[in-house]
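Enquirer: Quick note on this note's numbering: the sequence shown kicks off at 10 and runs consecutively.
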Amino acid sequence: AMRDPNHKRDYEQWKGQVQFLESKGLAHYHEFIPRGDTYYKLMAVCDFIVLPSVDETQSGTLARIIALNKPYITTAPMEGLTSQTLESEGGLLFTTKEMLRKHVMRLATDENLRLELGENLRRYLEDTVSWEIVAHQYLEAYRLAREAKQSGSCVVLDTEF
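(1) Could you give the distance in angstroms between the alpha-carbon of Gln-146 and the alpha-carbon of Thr-137?
(2) By DSSP, does Tyr-81 sit in helix, in strand, or in coil?
(3) Take Glu-98 as the anchor and find which of Lys-24, Lys-106 and Thr-83 has the nearest alpha-carbon.
(4) Quick test of the definition: if touching needs 3 or more C-beta pairs under 8 angstroms, does the segment 108-124 touch the segment 47-63?
(5) Do you know how far the Cα of His-112 is from the Cα of Leu-124?
(6) Have a look at the DSSP bridge pairing and note the partners of Phe-57.
(7) Nearest-angstrom Cα distance between Ala-72 and Glu-107?
(8) Where does Phe-41 sit, in a helix, a strand or coil, going by DSSP?
(9) If you reduce the DSSP assignment to three classes, tell me which class Gly-100 lands in.
(10) Any idea if Pro-80 is buried or exposed, counting beta-carbon neighbours within 10 angstroms, 16 or more meaning buried?
(11) Would Leu-101 and Leu-126 qualify as a contact pair, given that the criterion is a beta-carbon distance under 9 angstroms?
Right under this line is the structure:
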């Protein structure tokens, strides 16, 4: 489904192209509202996912893609999308239509790359953003805040670099 009415012409053109490919047996077109079981089932059967965006800073869709270990292609530079793509090494970034086209062709034809990116996402999920790790980080933040409050001092965090 289309979110921005200003993109209606582009959306209709893209939709027509995909439906043409579908008539040739080269693609499948399924329009749906991105919520609920249908959303997850459609993503689960994909070999990879394209997540173009011009306005997302933190993406619930990307979180779901990562949870499914699905290689993906997304827009750069887009704050959260770009940083998670670089950190996870689980997707490809594009800034132009030509880059997007090349990345789609590359992921569509390179199973080993899809497997490598999916494995990178699995490791990222387990080692960086799992519930256990994030919960530990929150507990540590609360502990530091409590100690700072009790002592009247500032919280000092180690820099990552």
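Where a beta carbon is used, it is the ideal one built from N, C-alpha and C, also for glycine.
Expert: The answer reads as follows:
(1) The residue given as residue 146 occupies position 137 in the sequence shown. The residue given as residue 137 occupies position 128 in the sequence shown. Between Gln-146 and Thr-137, the C-alpha separation is close to 10 angstroms.
(2) Counting from one through the sequence shown, the residue named residue 81 turns up at place 72. Note: Tyr-81 maps to strand in three-state DSSP.
(3) As a first step, residue 98 is located in the sequence shown; it is residue number 89 there, counting from the start. Among Lys-24, Lys-106 and Thr-83, the Cα nearest to that of Glu-98 belongs to Thr-83.
(4) yes
(5) For the purposes of this step, residue 124 is identified with residue 115 of the sequence shown, where counting begins at 1. For the purposes of this step, residue 112 is identified with residue 103 of the sequence shown, where counting begins at 1. Near 15 angstroms, if we compare the C-alpha coordinates of His-112 and Leu-124.
(6) As a position in the sequence shown, residue 57 is number 48, starting the count at 1. Bridge partners of Phe-57: none, in fact.
(7) In the sequence shown, residue 72 corresponds to position 63, counting from 1. In the sequence shown, residue 107 corresponds to position 98, counting from 1. Approximately 26 angstroms between the Cα atoms of the pair.
(8) Against the sequence shown, residue 41 aligns to sequence position 32. If DSSP states are grouped into helix, strand and coil, Phe-41 belongs with coil.
(9) Translated into positions along the sequence shown, residue 100 becomes position 91. Here Gly-100 sits in strand by DSSP.
(10) The residue labelled residue 80 in the question sits at position 71 within the sequence shown. Buried is the call here.
(11) Reading the sequence shown from its first residue, position 92 is the one you call residue 101. Reading the sequence shown from its first residue, position 117 is the one you call residue 126. Going by C-beta atoms, Leu-101 is nearer than 9 angstroms to Leu-126.
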